[in-house]
Amino acid sequence: MEEELGRPLTALEEKTLYNNATTVEIPRDVHIDGRTFGGKNTPAQIQQDAFDLCGAVCRDTDALRGNLTVRGYDPKLIDETIGAIIERNRQLGVIK
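Take any residue in the sequence shown, count from 1 to its spot, add 406: that is its number in our numbering.
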């Protein structure tokens, strides 16, 4: 967002983004296997995601879907949850 604005975010903007971010509670092992956990979230990946929030949502939800599926979670519940993530991000203007 800072790149898009051409300036650093203010403390209030950072707090607002943090407090309004879309999140889903998942088991720790699912999080660890996600695409951004630990050293997997490289500076290049962070920059790519920052420039393409919609693509980042797709990449993150695809990874989440795969990680939950291999652990035996109900595919219908996974799809409903990812649908809720996408809808909330549409409402927030993150994706169109």
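Even glycine gets a Cβ: it sits at the ideal position worked out from N, Cα and C.
DSSP places glutamate 431 in the coil class of the three-state scheme, outside both helix and strand. Secondary structure note for glycine 489: its alpha helix (DSSP H) is the uninterrupted segment 481-498.
If you check the CB distance, alanine 469 and arginine 441 come in under 8 Å. The closest CA to that of isoleucine 492, considering only Val430, Pro449, Leu423, is found on Val430. Closest in alpha carbon position to phenylalanine 443, among Leu415, Gly412, Asn473, is Asn473.
Contact annotation: leucine 498 and asparagine 447 have beta-carbon atoms that are not nearer than 8 Å. Closest in alpha carbon position to asparagine 495, among Glu408, Arg477, Val436, Cys460, is Cys460.
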